[in-house]
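**Q** Note that full-length UniProt numbering has the sequence shown beginning at 1, numbered continuously upward. Glycine included, C-beta positions come from ideal geometry on N, C-alpha and C.
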Amino acid sequence: MEEKGEREASELQKNISDIFQILRDKATIAISLEQYRAAFEAFSDLVEQPVDGNVQALTIGELEAEWVIPDNAMPGRAILYFHSGTYLCGSPTTDRAAVARLAELSRTRVLQIDYRLAPEHPFPAALEDGVAAYHWLLSQGYASQQIGLVGAGAGGGLVLGVLQSLREQAIPLPVVVACFSPLLDLTSASLRAKAHVATDIVLSSSLLEFAASHYCQPGAVSNPRVSPLYAESLHGFTPLLLIVGQNELLHDDLQQFEARARSQGVRTHGVTWGEMYHGWQLFPQACKCADLALDQVAAYFDKYFKRGRQQVLPG
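#1: Which of helix, strand or coil does DSSP assign to Gln56?
#2: What is the C-beta distance between Arg109 and Ile69, in whole angstroms, given that I count them as a contact (C-beta under 8 Å)?
#3: Roughly how far, in whole angstroms, is the beta-carbon of Thr238 from the beta-carbon of Val176, given that I think they are within contact range, below 8 Å?
#4: So, do the stretch 269–283 and the stretch 293–305 have three or more beta carbon pairs nearer to each other than 8 Å?
#5: Under DSSP, the beta strand (DSSP E) around Leu111 begins and ends at which residues?
#6: Quick one: using the 10 Å Cβ neighbour count with 16 as the cut-off for buried, is Glu168 buried or exposed?
#7: Along the chain, where does the beta strand (DSSP E) that runs through Trp273 open and close?
#8: Which class does Ser17 belong to by DSSP, given the choice of helix, strand or coil?
#9: Could you tell me whether the Cβ atoms of Leu282 and Val47 are closer together than 8 Å?
#10: Please go through the stretch 115–160 and give each complete beta strand (DSSP E) segment of 3 or more residues, from N-terminal end onward.
#11: Pick out the complete alpha helix (DSSP H) segments inside the stretch 168–247, 4 residues or longer, and give them in chain order.
#12: For Leu33, which of helix, strand or coil comes out of DSSP?
#13: Measuring CB to CB, does Leu242 end up less than 8 Å from Cys179?
#14: For the beta strand (DSSP E) holding Ala261, just list the boundary residues, first then last.
#15: Determine the extent of the beta strand (DSSP E) in which Glu64 is found, giving its start and end residues.
#16: Buried or exposed: which applies to Asp18, given that a residue is buried once 16 or more other Cβ atoms fall within 10 Å of its Cβ?
#17: In terms of residue numbering, what span does the alpha helix (DSSP H) encompassing Ala97 cover?
#18: In the DSSP assignment, what residue or residues form a beta bridge with Leu80?
#19: Go ahead and pull the three-state DSSP assignment for Thr86.
#20: Could you tell me how far apart the beta carbons of Phe210 and Ile31 are, in whole angstroms, since I believe they sit closer than 8 Å?
#21: Mind checking whether Leu183 and Ala220 have CB atoms under 8 Å apart?
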């Protein structure tokens, strides 16, 4: 007998598929930015939002942001979160339900930033916003050993770009990182060759190619801060938790990136969720697997936060 939760998850999956079907069937040249953003807005409307009382708006320089603070927040800990949206769409509102659940499960306050979107603000604007937000956390007294980074989709790609920038600046890296289905390779040849095209109900090669063409100049698409799969060196990276759905267009890229990171001595843990589609973790109220995946991140972070706390406590 089908459980209510399973039935709701099935209905949610159908609704998501219907929203993106019109875009998945189009060639890249036929997609408009207005259509794309309208579809993403409809996708976002499916997400139930948490109580506003747990959310505190703030401004970091000119960057809008918000704290999502659980009642059980541990002092001194912070997660910097980068929302989904293929660099063209989205806001903290889009991922807030998942962020609120992650905050509760991890007992950690989460800082979401409303990073600048392309094409109005192309690469490297969003990356610069992410680096600025991390510097702000350090300036507020958060130790790097008590900061974690999380990103979903484009946000996952930004997290990996931010790590590269911080390492280049010799800034202490966060203690731990998690990426849900990060955008790792936006080069045209790769997008056209991707597997799992038939099983991904959200993304298509044409959609990703459309996003890439609006996010950066053609000559920058293989820049490792745009396509982290092209980073020559991952040495010194923070421990990585990499999560993807089995049916996702991005599945093989993540496995390739994980293997490269591991071969260069990076502590990585890759997880593939069977039958899952892009963005499933954004729906913890309707999808049990979303709640379990967020709990997986919380447990992974707790381990490294505890280790990091030993380093910052006075001896």
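**A** In brief:
#1: strand
#2: 5 Å
#3: 6 Å
#4: yes
#5: Arg109 to Ile113
#6: exposed
#7: Thr268 to Trp273
#8: helix
#9: yes
#10: 147–152
#11: 188–193 and 205–215
#12: helix
#13: yes
#14: Looking at the DSSP string, Ala261 is not in any beta strand (DSSP E); the run it does join, the alpha helix (DSSP H), is His251 to Ser263.
#15: Leu63 to Val68
#16: exposed
#17: Pro92 to Ser106
#18: Leu111 and Leu149
#19: coil
#20: 5 Å
#21: no
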